[in-house]
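Taken in order, the sequence shown gives residues 1 to 419; the numbers are from the working numbering. Notes for the one structure printed next.
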Amino acid sequence: VDKVVVVGVEEVAGVGEPGVRSLSTAPEGYTGACPNYRQPAELGCFSLDSQRTFHDDGRLLRYFAPPRGGDDPRETPGVETNGGAGAATAGDCRTGDPAIGGRSRGWQGPIDLDVGWSVPGAYIQMDAQRAERLDHIVSWLSRHRSRFALPGQAASLPLPSLNTDFVTWRGHLTKVLGTPYERREGWQLAATLFRGTRYMSEVETEAARREREMRSLRQKQMCYWGYKFEQYMTADRPGGEPDVSRPVNTNEGFCTVVRTRLAGHSLVFAGEVDCRAGERPPPSSYVELKTSREVVTPGQRFTLHRFKLMKWWAQSFLIGVPRIVVGFRDDSGHVQHLQTYETLKIPKMVGSEEKMWNAAVSLNFCEAFLSFLKEVVTRDDPKVVYLFSWEPGADVTYRVYENSEQTFLPDWYIEQFRD
Ligand code: 0WD
Ligand code: CA
Numbered sequence: 001v002d003k004v005v006v007v008g009v010e011e012v013a014g015v016g017e018p019g020v021r022s023l024s025t026a027p028e029g030y031t032g033a034c035p036n037y038r039q040p041a042e043l044g045c046f047s048l049d050s051q052r053t054f055h056d057d058g059r060l061l062r063y064f065a066p067p068r069g070g071d072d073p074r075e076t077p078g079v080e081t082n083g084g085a086g087a088a089t090a091g092d093c094r095t096g097d098p099a100i101g102g103r104s105r106g107w108q109g110p111i112d113l114d115v116g117w118s119v120p121g122a123y124i125q126m127d128a129q130r131a132e133r134l135d136h137i138v139s140w141l142s143r144h145r146s147r148f149a150l151p152g153q154a155a156s157l158p159l160p161s162l163n164t165d166f167v168t169w170r171g172h173l174t175k176v177l178g179t180p181y182e183r184r185e186g187w188q189l190a191a192t193l194f195r196g197t198r199y200m201s202e203v204e205t206e207a208a209r210r211e212r213e214m215r216s217l218r219q220k221q222m223c224y225w226g227y228k229f230e231q232y233m234t235a236d237r238p239g240g241e242p243d244v245s246r247p248v249n250t251n252e253g254f255c256t257v258v259r260t261r262l263a264g265h266s267l268v269f270a271g272e273v274d275c276r277a278g279e280r281p282p283p284s285s286y287v288e289l290k291t292s293r294e295v296v297t298p299g300q301r302f303t304l305h306r307f308k309l310m311k312w313w314a315q316s317f318l319i320g321v322p323r324i325v326v327g328f329r330d331d332s333g334h335v336q337h338l339q340t341y342e343t344l345k346i347p348k349m350v351g352s353e354e355k356m357w358n359a360a361v362s363l364n365f366c367e368a369f370l371s372f373l374k375e376v377v378t379r380d381d382p383k384v385v386y387l388f389s390w391e392p393g394a395d396v397t398y399r400v401y402e403n404s405e406q407t408f409l410p411d412w413y414i415e416q417f418r419d
């Protein structure tokens with residue numbers, strides 16, 4: 001039975017008056033200088049196989065294997081600098097960075113993402129009912145706890161603490177960064193303090209669940225196109241060829257685990273990475289793949305820059321992925337044109353346009369949200385869960401649950417920290 005202890009009016013320890021109850025998300029409150037964000041460093045990686053089984057290694061990592069135009073392999077990166085996506089012709093297909101390589105296969109005309117869509121068994125989808133919470137991340141953490149020793153602290157197990165303020169999925173932080181600019185979708189984030197670390201795990205909102213269950217066939221088809229694009233653009237070894245005859249299986253994934261810092265907050269999070277290109281140390285060699293509708297009208301261009309590029313920037317920036325390769329497709333799922341965006345250049349690229357977004361606002365808001373969490377989430381007990389909720393137009397609020405079904409750290413994980 002859910003026992004709601006307090007509804008957003010908890011006393012903040014040591015303050016002696018009602019604590020901070022809510023956090024504003026209006027962008028005006030978060031302008032100013034960009035907070036310091038440390039370059040993310042990869043701590044390790046893990047893989048989820050076709051059955052969604054965890055492996056403590058990089059076996060599901062894929063390698064960038066784009067088609068090439070067949071002309072000059074030393075062409076300059078196809079970074080969008082002048083705005084519009086431009087005329088898309090097959091000959092225009094650019095994969096961007098020559099340093100990240102590619103095969104000499106000629107550009108064979110548009111990539112047909114619809115291949116397999118109507119074939120039984122060609123699309124295997126992850127079970128959305130199964131709530132995995134932070135299970136895969138703590139599986140990785142439990143195997144690598146010695147990495148979290150402070151300088152001078154004996155790395156021999158068991159370490160009493162991870163010496164880290166926050167542990168979460170990258171995707172959750174992407175939502176936090178997008179919050180000052182989000183107008184449609186709210187979120188819920190559960191947080192629990194255990195051994196000095198705040199673990200954050202998303203809880204699907206009612207609206208999101210409804211939307212997922214009502215998703216139209218057309219929307220599902222477009223999701224399929226996105227995964228099919230990943231297959232067309234990657235191989236299972238460096239220099240290999242893509243195999244687009246295989247079924248698309250969304251259970252499969254390669255995740256990197258990184259450590260970084262936003263102002264005064266140390267963070268460890270995991271995120272799914274589409275592929276690797278070249279020899280630079282990760283995450284600098286990782287590439288994010290996206291598909292998007294070809295830009296034809298000014299309205300479509302505005303939507304791409306105002307909403308999609310904001311999310312794409314936040315997602316890749318957080319985890320230190322420097323390049324986003326986008327396949328621009330038509331309404332029948334044919335990619336005519338590829339474009340590489342350099343993650344760090346995106347804010348400047350849109351910054352000169354009207355009614356856009358500001359990366360500093362997103363990072364300042366994230367910093368404020370993490371500080372809010374530190375003020376509120378003070379009971380170090382894995383059975384106590386603070387559920388933070390946000391709906392567009394409102395403030396972030398929270399409720400506290402004790403011994404409820406909101407509890408999300410696995411018992412086996414908690415058990416490992418017993419003295
Ligand atoms: O339990 C949940 N509701 C969640 C599970 C919420 C968030 C993430 N996850 C899981 C995903 O299944 C995946 O294994 O975490 C992993 C990805 O974590 P992330 O990198 O922190 O998530 P995010 O940045 O939102 O997504 C990265 C990629 C997506 O690529 P695009 O290009 O669409 O951003 O992870 C995949 C997807 O390829 N992904 C999913 N695939 C199938 N079903 C899902 C999903 N629900 N969410 C992310
Ligand atoms: Ca992707």
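Ideal Cβ placement from N, Cα and C applies to all residues, glycine included.
{"Item": "Member of Val-385, Asp-411, Gln-416 and Gly-226 whose CA lies at the smallest distance from the CA of Ser-404", "Value": "Val-385"}
{"Item": "Three-state secondary structure assigned by DSSP to Arg-59", "Value": "coil"}
{"Item": "At least three beta-carbon pairs within less than 8 Å, the stretch 262-273 to the stretch 297-307", "Value": "no"}
{"Item": "Under 8 Å between C-beta atoms of Trp-169 and Ile-137", "Value": "yes"}
{"Item": "Sub-8 Å separation of Trp-251 and Met-356 beta-carbons", "Value": "Looking at the sequence shown, residue 251 is not Trp but Asn. Not closer than 8 Å, so no."}
{"Item": "CB of Ser-316 within 8 Å of CB of Thr-291, strictly", "Value": "no"}
{"Item": "Proximity winner among Ser-139, Pro-158 and Gly-152, relative to Ser-146 (alpha-carbon distances)", "Value": "Pro-158"}
{"Item": "Contacts around Thr-179, its chain only, beta-carbon distance under 7 Å, and the 5 residues preceding and following it disregarded", "Value": "Thr-25, Phe-365 and Trp-390"}
{"Item": "Ala-277 to Cys-223 span [Cα, whole Å]", "Value": "24 Å"}
{"Item": "Distance CB(Phe-46)-CB(Cys-255) smaller than 8 Å", "Value": "yes"}
{"Item": "One or two residues paired with Arg-288 in a DSSP bridge", "Value": "The sequence given here has Glu at residue 288, not Arg. DSSP, once it has assigned bridges, lists Ile-324 as partnering Glu-288."}
{"Item": "Residue range of the alpha helix (DSSP H) that includes Arg-399", "Value": "Element bounds for Arg-399: not the alpha helix (DSSP H) but the beta strand (DSSP E), 397-402."}
{"Item": "Near ligand 1: Trp-169 beta-carbon under 7 Å from a heavy atom", "Value": "yes"}
{"Item": "CB contact flag (Leu-23, Arg-198, <8 Å)", "Value": "no"}
{"Item": "Local Cβ density within 10 Å of Gly-32, reported as buried at 16 or more and exposed below that", "Value": "exposed"}
{"Item": "For Thr-234 and Leu-487, the rounded distance between their alpha carbons", "Value": "For the chain, the structure presents residues 1 to 419; residue 487 sits outside this window and is missing."}
{"Item": "Under 8 Å between C-beta atoms of Ala-190 and Leu-387", "Value": "yes"}
{"Item": "Pairwise C-alpha distance: Val-376 and Val-295", "Value": "44 Å"}
{"Item": "Chain-order list of residues whose beta-carbon lies under 6 Å from that of Asn-249 (same chain, five-residue window excluded)", "Value": "Ser-50 and Ile-124"}
{"Item": "Enclosing alpha helix (DSSP H) for Arg-44 [first to last residue]", "Value": "Position check: residue 44 holds Gly in this sequence, whereas Arg was assumed. Careful: Gly-44 lies outside any alpha helix (DSSP H), inside the beta strand (DSSP E) at 41-48."}
{"Item": "Gln-406, buried or exposed, once every other Cβ within 10 Å from all chains shown has been counted against 16", "Value": "buried"}
{"Item": "Backbone secondary structure at Ala-314 - three-state DSSP", "Value": "helix"}
{"Item": "Status (buried if at least 16 other CB within 10 Å, exposed otherwise) for Pro-18", "Value": "Here Pro-18 scores only 45 on pLDDT, less than 50, and its place in the model is too uncertain to base an answer on."}
{"Item": "Pro-238, buried or exposed, once every other Cβ within 10 Å from all chains shown has been counted against 16", "Value": "exposed"}
{"Item": "Gly-101 versus Tyr-63 - alpha carbon distance", "Value": "Its pLDDT being 41, under 50, Gly-101 is placed unreliably in this model, and the coordinates cannot settle the point."}
{"Item": "Residues of its chain near Arg-133, where Cβ-Cβ distance is below 6 Å and the 5 sequence neighbours each way are ignored", "Value": "Ser-201 and Phe-408"}
{"Item": "Any non-hydrogen atom of ligand 1 within 7 Å of Thr-179 CB", "Value": "no"}
{"Item": "Per-residue burial, Gly-109 [other beta carbons within 10 Å of its own, 16 or more giving buried]", "Value": "exposed"}
{"Item": "Exposed unless 16 or more other CB atoms sit within 10 angstroms - verdict on Val-119", "Value": "exposed"}
{"Item": "Three-state secondary structure assigned by DSSP to Asn-364", "Value": "helix"}
{"Item": "Proximity of Pro-283 and Gly-327 at Cβ, strictly below 8 Å", "Value": "no"}
{"Item": "Those residues which DSSP pairs with Val-295 across a bridge", "Value": "None; Val-295 has no bridge partner."}
{"Item": "Beta-carbon contacts of Ser-142 that lie in its chain and below 7 Å, excluding the five residues immediately before and after", "Value": "Tyr-413 and Gln-416"}
{"Item": "Close beta carbons around Gly-38, own chain, < 7 Å, minus the five adjacent residues each side", "Value": "The question names Gly, but residue 38 in the sequence shown is Arg. These residues qualify, in order along the chain: Thr-260 and Arg-261."}
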